[in-house]
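Per the numbering used here, residue 33 is the first one in the sequence shown, and the count goes up by one each step. C-beta atoms are modelled at their ideal positions from N, C-alpha and C, and glycine is treated no differently.
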Amino acid sequence: MTRTDTPPFAWDRVVSARGQRMNSSVIREMLKITQRPDVISFAGGLPAPELFPIEAVRQAASTVLDRYGPAALQYSTTEGHLPLREWLAARASITPQHVQIMTGSQQSLDLLGKMLINEGDVVLVEAPTYLGALQSFQPYGPQYVQVPTDDHGIDVDALETLLHTTRAKLLYAVPNFQNPTGRTLSLERRQQLVELTARHGIVLVEDDPYGALRFTGEALPSLYTLGLERAGHPDHNHVVYSSSFSKVLVPGLRDAWVQAARPLIHKLVQAKQGADLHTPTFNQMIVAELVEDVMPAQIERVRQAYGERAGQMVQSMQRHFPAGVQYTTPQGGMFLWVTLPEQIDTAPLLQQAVARGVAFVPGAPFFALGGGHNTMRLSYSSATPEQIERGIAALGETIRSALD
Ligand SMILES: Cc1ncc(COP(=O)(O)O)c(C=O)c1O
C-alpha cells in the first residue's frame with residue numbers, strides 16, 4: 033500500500049545550483065504538439081531514416097564480433113578505439129593523440145564546457161546558435177555575449193569591435209550549414225576569425241557535424257585546418273574541432289570525436305572518465321569498419337537526397353510565401369531559416385500552422401540573449417518532396433492569414 037501521510041521529499045531544495053541552471057529543451061517541449069501523424073513536420077531535424085545503411089551496419093556488427101570476439105564487448109580505453117582515431121587523425125594531418133572519441137558531439141560540448149567554462153566566463157555565441165550547445169554550456173554558468181551574423185555567418189568586423197570592450201574565454205561557432213540557419217561562414221571570414229581569436233587568446237570551438245553534407249558550392253577549409261596552418265603544430269592550435277558520425281552514418285551509434293591540442297585532450301580524457309569511462313566499444317568498432325568502404329557512398333546518397341529536398345523547399349517557398357518573407361538558401365546540411373515581417377511572432381504562429389497541418393520550430397529559443405521573435409527554422413531532411421510542397425503551401429497560407 034502507498035502511504036500518503038509522509039511529506040514529499042524536497043527535491044527542489046537539494047538540486048545543485050548547477051542543476052537549477054539547467055532547463056529542458058524548449059524544442060523538445062514544442063515538438064510534442066507537432067507529432068500528430070496528420071502534421072507535416074519541418075520541426076524535428078532528424079536525419080532521414082530511410083537512408084540509414086542498415087544492411088551494412090548488420091554486416092559490420094557481424095564482422096566486428098568475428099574479428100574481435102569478447103574484446104568488442106569489453107570495457108576499453110577512454111581515448112577511444114585506436115584504428116578509428118588513426119583514421120580520423122590521418123585525415124586531419126595530426127596524430128591519434130590529438131583525437132578523442134566521444135559519445136555524440138553533444139557529449140563533446142558538455143565536456144568542453146566542463147573543462148573550459150568557469151562561472152561568469154564570457155562565451156561568445158552566434159546569434160542565433162545551436163540550442164544544444166547553450167544547453168550543454170548553461171550548467172557551467174557562462175555569461176553569453178551574442179555575435180551578430182549575416183548571410184555569410186559571423187560578422188567578424190562586429191566581433192572585432194565587440195572585443196575592444198569584452199574579455200572572452202571561448203567562441204562557439206558552427207561554420208558549415210549552421211544549425212539553425214543553414215548559413216556557411218565565408219573563406220575570408222574564416223581566416224579573419226581564426227586570426228582574431230588567436231590574437232585575443234580566445235579558444236575557438238568549431239562544431240562541424242554537417243561539413244561533409246555539402247550539396248552545392250566548393251568545400252571550404254575548416255577553422256581547425258586554418259588554425260593548424262597558422263600555429264604550425266597541433267599542440268599550438270587554439271581551434272578545437274568537434275564532429276560526429278551522426279549525420280553521415282547513423283545517429284543512434286552515438287559516435288563522435290574532438291580534435292584538439294594534447295593538453296586539452298588530456299583534460300577531456302579525465303572528464304570523460306568521470307562521465308562514461310568510454311564510448312561503447314562495439315559501436316566504435318562498427319563505425320571503424322564502415323568509414324572506408326561504406327561511408328563515402330552513404331555521404332553521397334545523403335547529400336543527393338538533402339540537396340533535392342532543400343531545392344524543393346526553396347522552390348516551394350518562392351511559389352507560396354508572400355512578399356516580404358526572407359529565407360536562406362543552404363549549400364548543405366539539413367536546415368534553412370525564415371525571417372517574417374517584424375509584426376509576426378512565430379511562437380503563436382506555430383499553433384495556427386499546426387491547425388493547417390504543418391510544423392516548424394520558432395526561432396527565438398536559438399538566441400542566447402533573446403531576439404528573433406519573427407524567425408523560424410525549417411528542416412527538409414526527413415520530408416519527401418511531395419510533403420515539402422504541401423507543407424510549404426500550408427505554411428504560406430498560415431503566414432498570409434497572419435499578415436491580413
Ligand atoms: C550543431 C550541432 N552540434 C551537435 C549536435 C549533436 O549531434 P550528436 O550528438 O548526434 O553528434 C547537433 C545535432 O543536431 C548539431 O546540430
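- In the structure shown, D182 falls within a strand segment according to DSSP collapsed to helix, strand and coil.
- Residue environment for Y107: exposed (fewer than 16 other C-beta atoms within 10 angstroms of its C-beta).
- For I72, the beta-bridge partners assigned by DSSP are V390.
- Distance from the CA of V157 to the CA of Q178, rounded to the nearest whole angstrom, comes to 5 Å.
- Chain-ordered, the residues whose CB falls short of 6 Å from any heavy atom of ligand 1 come out as G136, S137, Q138, Y162, G164, V206, N211, D239, P241, S276, S278, P283, A288.
- With a contact defined as Cβ atoms closer than 8 Å, P253 and K279 miss out at about 20 Å.
- Between the alpha carbons of A190 and S218 lies a gap of roughly 15 Å.
- Cβ-Cβ separation between F169 and I149: approximately 6 Å, consistent with a contact (criterion under 8 Å).
- One alpha carbon belongs to R388, the other to Q91, and they sit about 43 Å apart.
- Residue nearest to H130 within the set Q291, P180, G259 is Q291 (criterion: CA-CA distance).
- Taken atom to atom, the span from the alpha-carbon of E118 to that of S276 is near 16 Å.
- For R45, the uninterrupted alpha helix (DSSP H) segment begins and ends at 43-46.
- Within the segment 167-246, complete alpha helix (DSSP H) segments of at least 4 residues are found at 188-197, 219-231, given in chain order.
- For Q344, no beta strand (DSSP E) encloses it; the enclosing alpha helix (DSSP H) starts and ends at 327-352.
- Residue nearest to S413 within the set A342, R351, T430 is A342 (criterion: CA-CA distance).
- Counting the other Cβ atoms within 10 Å of the Cβ of W369 gives 16 or more, which makes it buried.
- Look at the beta carbons and you see the segment 313-320 not touching the segment 366-381: under three pairs across the two are nearer than 8 Å.
- With contacts defined as CB atoms closer than 8 Å, K201 and V235 qualify as a contacting pair.
- The C-beta of P295 has fewer than 16 other C-beta atoms within 10 Å across all chains shown, which makes the residue exposed.
- Counting of Cβ neighbours within 10 angstroms places D287 among the buried residues, the total reaching 16 or more.
- For L143 and S274, the gap between their C-alpha atoms comes out near 11 Å.
- The criterion of a C-beta distance shorter than 8 Å is not satisfied by Q167 and V154.
- The DSSP-derived three-state label of T407 is strand.
- The Cβ atoms of G77 and F367 lie closer than 8 Å to each other.
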